[in-house]
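Chemist: There's a structure below that I have some questions on.
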DNA sequence: TATGAATGAGGATTCATTCAT
DNA sequence: AATGAATGAATCCTCATTCAT
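Chains as they are written, first to last, in our numbering: chain A, 259 to 455; chain B, 259 to 455; chain C, 259 to 455; chain D, 259 to 455.
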């Protein structure tokens, strides 16, 4: 059975199984055995590819994160105006994909765990920082620096909060409603700033 | 020589120990033995007062929740205008107490766990629903019903999001900054609605 | 089932089971499960009384050591002359009990292990040092200090070597033969020293 | 591109890695993967050359043993008198090489293990028997047969005991001191036997 | 010849829970 | 009311071994 180049396949397989398992039984009940069974491999194989359970968890969070990053980067690259760049960040983070319970529950489980596992905390901080920076930078095309920074905090807070409530609450508000609320939020604040000037 | 009122004392003792333990080692590593040791009682005692581990966890979340509810109710009772009632909800949910890592981390751990434990999910849904209702109701004094509902979603999302980012991110933004952002958010939207009229 | 004061009983029970297990299957194959099964208790109980496997092993070696120490002390106390004190040490260390394969194999397994486990190495060093000191001290009643020290090295070496060969070799020489060889060794050297003078 | 004579190289490589590993982490912790890693080969290769772990261990002990045998034979061949032959055996078994911790610890680990592994026990018995025979034979040139046999037991016991204490005890007595003690032992006993006659 | 993939059993340990006292 | 003894299942992980390439 041992074919060459299995590594990439097996890693992907195990990461997907980890996501599915956490989704179904929760973080605390996600044992290596359960994950391996779902992936259709023996539990010992995890050590072969990820050293230990923590290695697998870290790789899984990183995979989620990289996926979101790729989406964000693609949307940013296509945006031509400051406002379009702000919208790009919002669209990426509140896309239907991010509201898919399979992924959303896993993200949340990792956020809770990150507070006690350094390797996860590192990834989490990068996520948080990057969203803020992307928004700040885009908003600086529309507002003075300190106002841009402040509004970036508001936007990222609203993004995460709406996503959190949807994830916890069983779908309300959904992706579309969340994006609408964010557009409103932006419109209200940008109009106001303009009026001030 | 059973002392009177021992029950309340012991229950409080164990709930506090649960909070401290989750705060320090995380949800997954919070064993009954660890909690009992911290409370200075034997592990068997948990069964006596809470049936089993889940009972203790549920009681702990409920204690956190009741505390927040009491604070909210008190502030609402003191409010005299619709806007003051909205502010009361915001103040309660973004008070420095809610930013205390000892409590915040535990809340978050419970939110993540709630998705897989019905008894916790029930409390979580009540929390989410109640905040929305309180805000909706207050805002209906200022806006048409459907706009009030929508703004309530925004406000509660922003509350939870700012709190989440602060909890995960090590204190930024803090309680005061979060409340300022919410006041801004309200001002911007209420001005706009008024201008529309 | 849980009676008070079980601790001493259980500890003894588990230590005896450890000795029997190492005797029968060797150190490397002595799993906690095997030991617990032989003691008639569940594997989890080991943690209750000895923290972990190492704690049990350490307690076992210490029990062997204390037993030998008690025997040695009793014999030394009864000895009235320097030569009698030397003989006491020899008798204790080469008594039939020390040639009992059940104990001898376990001692040897521990000596081998001690080189890699600090907690065992400490006990081993005390054993080695104490035999040497007891012999040196007794011989100083018969010889000048530096000769006493040297002869003590020879006697303790011969004690351990004869015991080792008997343990490894299936009984040859036995306790009686070993003690005879040591008497000869002492006689030859003491005569010689006296003749020198 | 299979190189010629690869077999001997690989076998030697693996045996050396086994010795180093046992020396560093002890017998119980010496896994095949650890040994293979140190040898710079894959774990599967062990099966190729030694069938299984036990085969590798047996080959390692045999290598140690053959080395000692070669040294002993060479010294015996050079000896011209009975006493010189006795000294040859002592010199070989108490040479500085035998006090090198790298080898000494491994010998001891094997002795302990031999009591439970027949293939090792066989080698161990040959070692023990051969030393005794070599000494007996040489001493029969100086003493009556039954006295020669008895003294041979003493000498071999003292050899093993001094070596054991040095190995366990961190260097005391060392090779030179041990050989001196054995010379003394022989002198004292031979003088005495001669005087008796 | 040699590798790396893969297994599955077995290791120590921890855990929630139960129960006699 | 409260304890400490005890269990047995489940945890993660490591191991010797096998096999296709």
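In this text, a Cβ means the ideal position worked out from N, Cα and C, and glycines have one as well. Computed from a predicted structure; not experimentally measured.
What residue range is occupied by the uninterrupted alpha helix (DSSP H) comprising residue 241 of chain D?
Modeler: For residue 241 of chain D there is no data in the structure shown, the boundaries of chain D being 259 and 455.
Chemist: Using Cβ-Cβ distances below 7 Å, what residues of the segment 424-437 of chain A are close to chain B?
Modeler: 426, 427, 431
Chemist: Should the segment 439-446 of chain B be called in touch with the segment 409-418 of chain B, which here means at least 3 C-beta pairs below 8 Å?
Modeler: yes
Chemist: Assuming residue 344 of chain D is part of the alpha helix (DSSP H), what are its boundary residues?
Modeler: 340-351
Chemist: Per DSSP, what kind of secondary structure is residue 379 of chain C in: helix, strand or coil?
Modeler: If DSSP states are grouped into helix, strand and coil, residue 379 of chain C belongs with the helices.
Chemist: DSSP on residue 398 of chain C, reduced to helix/strand/coil?
Modeler: coil
Chemist: Ignoring anything shorter than 3 residues or poking outside the segment 396-448 of chain A, list the beta strand (DSSP E) runs there in chain order.
Modeler: The qualifying runs do not exist here; there are none.
Chemist: Looking at chain D, which residues of the segment 290-305 of chain C have a Cβ within less than 7 Å of any of its Cβ atoms?
Modeler: Nothing from the segment 290-305 of chain C brings a Cβ to less than 7 Å from some Cβ of chain D.
Chemist: Please list the terminal residues of the continuous alpha helix (DSSP H) segment that includes residue 354 of chain B.
Modeler: 354-357
Chemist: Among the residues of its own chain, which have a CB less than 6 Å from the CB of residue 460 of chain A, if the five just before and after it don't count?
Modeler: Since the displayed chain A opens at 259 and closes at 455, residue 460 of chain A lies outside it and no answer follows.
Chemist: Using beta-carbon positions only, say whether residue 276 of chain A and residue 314 of chain A come within less than 8 Å of one another.
Modeler: yes
Chemist: For residue 336 of chain B, tell me which candidate among B:265, B:306, B:350, B:285 has the shortest Cα-Cα distance.
Modeler: B:350
Chemist: Measuring only between beta-carbons, confirm whether residue 395 of chain C sits less than 8 Å from chain D.
Modeler: no
Chemist: Mind the definition here: the segment 315-329 of chain C touches the segment 373-384 of chain C only if three or more C-beta pairs lie below 8 Å; say whether that holds.
Modeler: yes
Chemist: Could you please give the first and the last residue of the uninterrupted alpha helix (DSSP H) stretch that includes residue 302 of chain C?
Modeler: 302-308
Chemist: Going by beta carbon distance, what residues of the same chain come within less than 7 Å of residue 451 of chain D, once the five residues before and after it are set aside?
Modeler: 401, 405
Chemist: Hey, is the segment 349-368 of chain C in contact with the segment 266-274 of chain D, meaning 3+ C-beta pairs nearer than 8 Å?
Modeler: no
Chemist: On the three-pair Cβ rule with 8 Å, is the segment 424-438 of chain C touching the segment 341-355 of chain C?
Modeler: yes
Chemist: If you follow the alpha helix (DSSP H) that residue 337 of chain D is in, where does it begin and where does it stop?
Modeler: Per DSSP, residue 337 of chain D belongs to no alpha helix (DSSP H) and is neither H nor E.
Chemist: With respect to the alpha helix (DSSP H) encompassing residue 283 of chain D, which residues constitute its N-terminal and C-terminal limits?
Modeler: 264-283
Chemist: With a cut-off of 8 Å, does the C-beta of residue 356 of chain B fall near any C-beta of chain A?
Modeler: no
Chemist: Mind checking whether residue 308 of chain A and residue 433 of chain A have CB atoms under 8 Å apart?
Modeler: Going by beta carbons, residue 308 of chain A and residue 433 of chain A fall outside the 8 Å limit.
Chemist: Closer than 8 Å between beta carbons: that is the criterion. Which residues of the segment 266-289 of chain B meet it against chain A?
Modeler: 283, 284, 285, 286, 287
Chemist: Is residue 337 of chain C close to chain D? Criterion is C-beta to C-beta, closer than 8 Å.
Modeler: no
Chemist: Using a beta-carbon distance below 8 Å, is residue 329 of chain C in contact with chain D?
Modeler: No, no contact with chain D.
Chemist: Here's the rule I'm using: 16 or more other beta-carbon atoms within 10 Å means buried, otherwise exposed. How should residue 431 of chain C be labelled?
Modeler: buried
Chemist: Strictly under 8 Å for the Cβ-Cβ distance: is residue 316 of chain A near chain B by that measure?
Modeler: Output row for residue 316 of chain A: interface = no.
Chemist: Note down, in chain order, every chain C residue with its Cβ under 9 Å from the Cβ of residue 404 of chain D.
Modeler: Correct list: empty, because the minimum Cβ distance to chain C is about 13 Å.
Chemist: Whole-angstrom Cβ separation of residue 447 of chain B and residue 446 of chain A, contact assumed at under 8 Å?
Modeler: 5 Å
Chemist: Leaving aside the five residues before and after residue 311 of chain A along the sequence, list all residues of the same chain whose C-beta is less than 6 Å from its C-beta, in chain order.
Modeler: 290
Chemist: Would you say residue 386 of chain D and residue 426 of chain C are within 8 Å of each other, going by their C-beta atoms?
Modeler: yes
Chemist: State the start and end residues of the unbroken alpha helix (DSSP H) segment that holds residue 297 of chain D.
Modeler: 290-297
Chemist: Reducing DSSP to helix, strand and coil, say where residue 453 of chain B ends up.
Modeler: helix
Chemist: Identify whether residue 287 of chain A lies in helix, strand or coil by the three-state DSSP scheme.
Modeler: Here residue 287 of chain A sits in coil by DSSP.
Chemist: Would a check of beta-carbon distances place residue 384 of chain B closer than 8 Å to chain A?
Modeler: no
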